[in-house]
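Please read the structure below before turning to the comments.
Number of protein chains: 2
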Amino acid sequence: MSDIADIVSREVPAINRYLESATETLNPMVQPVVRHVLLAGGKRLRPLLTILTARAMGYRGDDVYPLACSLEFLHSATLLHDDIVDGAKLRRGRESAHVRFGSTHTILAGDVLLALANRLVAEYDNPELTKLLSEALLQTATGEILEIAHLRDVDLPLSTYFSIITGKTAYLIQASCQCGAVLAGASPALIQAAADLGHHIGIAFQLVDDALDYTSPATVSGKPTGGDLKEGKVTLPLLLYLQGLPFEERRRLAEDFRQDQLSAEDIEYLRGNVVAGGHAERTREMAGEYLAKAQAALAKFPPSPEAELIGDVLAPMLARDK
Amino acid sequence: MSDIADIVSREVPAINRYLESATETLNPMVQPVVRHVLLAGGKRLRPLLTILTARAMGYRGDDVYPLACSLEFLHSATLLHDDIVDGAKLRRGRESAHVRFGSTHTILAGDVLLALANRLVAEYDNPELTKLLSEALLQTATGEILEIAHLRDVDLPLSTYFSIITGKTAYLIQASCQCGAVLAGASPALIQAAADLGHHIGIAFQLVDDALDYTSPATVSGKPTGGDLKEGKVTLPLLLYLQGLPFEERRRLAEDFRQDQLSAEDIEYLRGNVVAGGHAERTREMAGEYLAKAQAALAKFPPSPEAELIGDVLAPMLARDK
């Protein structure tokens with residue numbers, strides 16, 4: 073564990089310094105919005121994965137930070153837009169950017185960050201990297217659209233649920249790992265291993281998030297407990313719970329949920345039932361299965377301290393409580 | 073004129089076919105939003121400039137359409153976001169996308185188009201093109217932000233007004249010309265001439281727009297007459313009018329405008345005064361001066377039928393009534 077602590081304590085401040093210096097190049101009116109979303113204490117998972125993957129594939133250059141941070145900027149841009157789209161009032165326990173700064177500045181600040189991310193990547197003169205970034209934005213926005221199209225859709229097939237979380241979350245994490253491998257000039261097989269690693273981490277990450285939404289008190293997660301239910305988002309814990317209900321009960325609940333007819337008490341009761349039925353826990357177990365797949369992808373990396381570090385990071389990801 | 077008609081009648085349908093085929097690759101839920109903004113009858117100025125500039129610089133390849141259309145997609149994405157930002161209800165005489173489809177789908181469709189534009193350009197494996205596109209988005213969003221920061225600011229210096237229109241309009245038109253020259257592998261001097269051409273066309277284009285906002289009836293332009301005044305946008309006709317007012321009258325009007333204290337009748341009266349004072353006409357004259365600068369930049373192009381065509385397009389641009 074001390075190796076992880078070491079690398080996090082070395083790399084995260086370096087990432088944050090780069091994020092800040094790039095933010096300072098932006099129009100002064102955008103900077104407060106950007107700092108609000110960037111500096112609210114994210115885990116920097118995406119840039120860390122880019123850096124560790126590049127290092128694990130033998131890359132020793134100093135110029136990994138702009139690439140790594142471009143993925144964090146892209147992530148931040150999608151957060152800015154998504155909070156407007158979701159009408160979310162809170163982000164990591166603080167008010168969302170659009171609540172603080174208004175939708176206008178927040179939409180435009182998101183666009184500026186998308187442009188900045190693209191520009192940072194363009195500087196590498198490597199079209200593969202540019203394509204990865206464009207594809208990541210396309211997939212992320214498409215995943216969001218799919219999620220919105222299926223709001224309150226309790227008949228959501230599991231395959232569609234996985235398409236949603238692959239798009240809105242996993243693809244960008246996949247691109248983070250893949251970018252590191254491409255920067256390192258890795259072989260196609262290793263680039264694929266990096267992509268698989270990121271994809272499985274991304275799915276696991278979102279599954280844990282979806283479980284936490286049912287179990288974690290707002291004081292820990294910074295988001296309201298049961299927020300997904302309140303917003304009408306149908307995620308795995310609810311889908312698993314509904315699968316186990318008798319037909320008539322399921323039909324009635326489904327109808328009420330679809331019509332947004334549940335009171336705050338109904339929702340809290342439903343949330344309690346989902347948790348009591350073990351469905352949040354089962355969702356976490358499935359996250360564990362995806363982390364095992366991530367480990368299998370990682371096993372294809374050449375042996376290195378950084379590959380070991382990535383492996384060490386996976387278990388705590390599953391155990392996290394926010 | 074028949075040469076222009078020829079090329080427009082040949083190239084615009086080809087551009088529209090490519091725009092449609094690229095739109096069909098997008099998620100089905102995004103397509104109606106994209107078609108709404110794309111197919112509302114734009115002039116395709118940006119892709120036409122890319123194609124004509126590339127041809128004028130000797131490029132004979134068939135693969136110019138994705139690049140040309142990436143600039144139209146980028147333009148459409150910024151229109152989608154800007155109409156939300158401006159609260160605009162109309163776009164080219166039809167209801168805006170966010171009014172028809174809601175802000176959520178419109179924000180995300182804009183992000184999808186930004187990603188698509190980047191992906192189309194990434195396929196050229198030419199980092200210069202990618203950088204131009206990123207810079208264009210960055211400048212456009214920054215110009216919008218600057219404009220919003222100066223809403224109702226009647227003390228706006230002319231230099232800031234020109235910074236706003238350079239960012240929000242001219243930079244993307246500049247990039248359209250520059251991309252054509254870069255694709256053609258033109259010399260740095262010719263790439264600069266293309267950039268200058270696009271910059272001056274862009275400024276002229278926005279000046280004509282700002283004049284038309286004061287003079288063109290909604291039935292012709294598809295936008296309400298005096299829309300900028302109603303939205304609190306301070307553009308050149310108003311700035312020129314204010315410069316000519318006696319100090320006390322100017323101070324009073326400025327204060328009322330800043331505080332949004334003008335009634336619909338006051339605004340219509342003000343609009344009439346601006347026009348009667350010749351300030352919309354003077355704005356058009358300034359557009360003519362920028363078109364002369366555009367002609368000077370064009371004169372540096374090697375002689376070609378396409379360069380002549382660009383020249384022929386400039387004069388009607390000034391005379392347009394919508």
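One line per chain: the protein sequences are A and B, in this order. Just so we're aligned: the first sequence equals residues 73 to 394 in our numbering. Just so we're aligned: the second sequence equals residues 73 to 394 in our numbering. Glycine included, every Cβ here is placed at the ideal spot set by N, Cα and C. None of these values were measured; they are calculated from a predicted model.
Measuring straight from C-alpha to C-alpha, what distance separates residue i and residue j?
i                    : j                    : result
serine 81(A)         : threonine 176(B)     : 38 Å
aspartate 384(B)     : alanine 258(B)       : 22 Å
leucine 269(B)       : glutamate 195(B)     : 26 Å
glycine 38(A)        : glycine 299(A)       : Outside the shown range of chain A, which is 73 to 394, sits residue 38(A), and nothing can be said about it.
proline 229(B)       : leucine 284(B)       : 21 Å
threonine 297(B)     : proline 289(B)       : 5 Å
proline 199(B)       : lysine 394(B)        : 36 Å
glycine 182(A)       : asparagine 88(B)     : 29 Å
methionine 73(B)     : alanine 379(B)       : Caution applies to methionine 73(B), whose pLDDT of 44 falls short of 50 and renders its modelled position unreliable; the model cannot decide the point.
glutamate 353(B)     : aspartate 282(B)     : 11 Å
proline 260(B)       : glutamine 211(B)     : 22 Å
glutamine 278(B)     : glutamate 167(B)     : 22 Å
leucine 363(A)       : leucine 152(A)       : 28 Å
leucine 370(A)       : glutamate 303(B)     : 56 Å
leucine 334(A)       : tyrosine 286(A)      : 17 Å
threonine 125(B)     : threonine 150(A)     : 35 Å
alanine 253(A)       : glycine 344(A)       : 43 Å
alanine 256(B)       : aspartate 135(B)     : 11 Å
valine 157(B)        : glutamate 340(A)     : 36 Å
alanine 242(B)       : alanine 366(B)       : 12 Å
alanine 326(B)       : phenylalanine 319(B) : 10 Å
glycine 122(B)       : arginine 116(B)      : The amino acid at residue 122(B) is misidentified as glycine; the sequence shows threonine. C-alpha separation (whole angstroms): 10 Å.
methionine 389(A)    : alanine 348(A)       : 23 Å
alanine 247(A)       : alanine 128(A)       : 16 Å
phenylalanine 234(B) : methionine 358(B)    : 12 Å
isoleucine 79(B)     : glycine 174(A)       : 45 Å
leucine 201(B)       : phenylalanine 145(B) : 15 Å
isoleucine 220(B)    : leucine 180(A)       : 10 Å
Does the CB of residue i have a neighbour CB from chain B at under 8 Å?
i                 : result
proline 388(A)    : no
glutamate 207(A)  : yes
methionine 129(A) : no
methionine 73(A)  : The predicted position of methionine 73(A) is uncertain, since its pLDDT is 44 and thus under 50; no value can be drawn from it.
alanine 213(A)    : yes
threonine 176(A)  : yes
glutamate 340(A)  : no
glutamate 216(A)  : yes
glycine 143(A)    : For the sequence presented, residue 143(A) should be read as leucine rather than glycine. Not one chain B Cβ lies under 8 Å of leucine 143(A).
leucine 139(A)    : no
Let me see if you follow: with CB-CB separation under 8 Å, is residue i close to chain A or not?
i                 : result
asparagine 345(B) : no
lysine 203(B)     : yes
glutamate 92(B)   : no
histidine 147(B)  : no
alanine 371(B)    : no
histidine 395(B)  : The structure shown does not extend to residue 395(B), since chain B spans only 73 to 394, so no value can be given for it.
aspartate 183(B)  : yes
alanine 221(B)    : yes
leucine 151(B)    : no
threonine 287(B)  : no
lysine 355(B)     : Residue identity differs from the one stated: residue 355(B) is threonine in this sequence, not lysine. It does not; no Cβ of chain A falls within 8 Å.
threonine 122(B)  : no
valine 280(B)     : no
valine 157(B)     : yes
leucine 228(B)    : no
leucine 180(B)    : yes
leucine 186(B)    : yes
Can you tell me the Cβ-Cβ gap for residue i and residue j, rounded? I've got them flagged as a contact below 8 Å.
i                 : j                 : result
alanine 169(B)    : histidine 222(B)  : That pair is no contact at about 26 Å.
valine 105(B)     : valine 226(B)     : In fact, because the Cβ distance is near 36 Å, the residues do not count as touching under 8 Å.
tyrosine 131(B)   : alanine 86(B)     : In fact, because the Cβ distance is near 15 Å, the residues do not count as touching under 8 Å.
arginine 323(B)   : leucine 314(B)    : At roughly 10 Å, the Cβ-Cβ gap does not stay under 8 Å, so arginine 323(B) and leucine 314(B) are not in contact.
alanine 276(B)    : glutamine 250(B)  : With a Cβ gap of about 17 Å, alanine 276(B) and glutamine 250(B) do not count as contacting.
alanine 140(A)    : proline 119(A)    : 4 Å
isoleucine 236(B) : methionine 101(A) : Contact doesn't hold; Cβ gap of about 12 Å is too wide.
leucine 91(B)     : leucine 110(B)    : 6 Å
arginine 191(A)   : glutamate 207(B)  : 6 Å
leucine 209(B)    : leucine 186(B)    : 7 Å
The ligand ATP and residue i: does the residue's C-beta get closer than 7 Å to at least one heavy atom of that ligand?
i              : result
glycine 299(A) : For the structure depicted, the ligand ATP is absent and the ligand set is empty, with no information on it obtainable.
- Where the stretch 298-331 of chain A meets chain B: residues whose CB sits under 7 Å from a CB there: none
Closer than 7 Å between beta carbons: that is the criterion. Which residues of the stretch 188-201 of chain B meet it against chain A? Leu188, Asn190, Arg191, Ala194, Asp197 and Pro199
Residues in the stretch 79-110 of chain B having any Cβ partner in chain A nearer than 7 Å
Asn99, Met101 and Val102
With 8 Å as the C-beta to C-beta threshold (strictly closer), list the residues of the stretch 226-256 of chain B near chain A in chain order.
none
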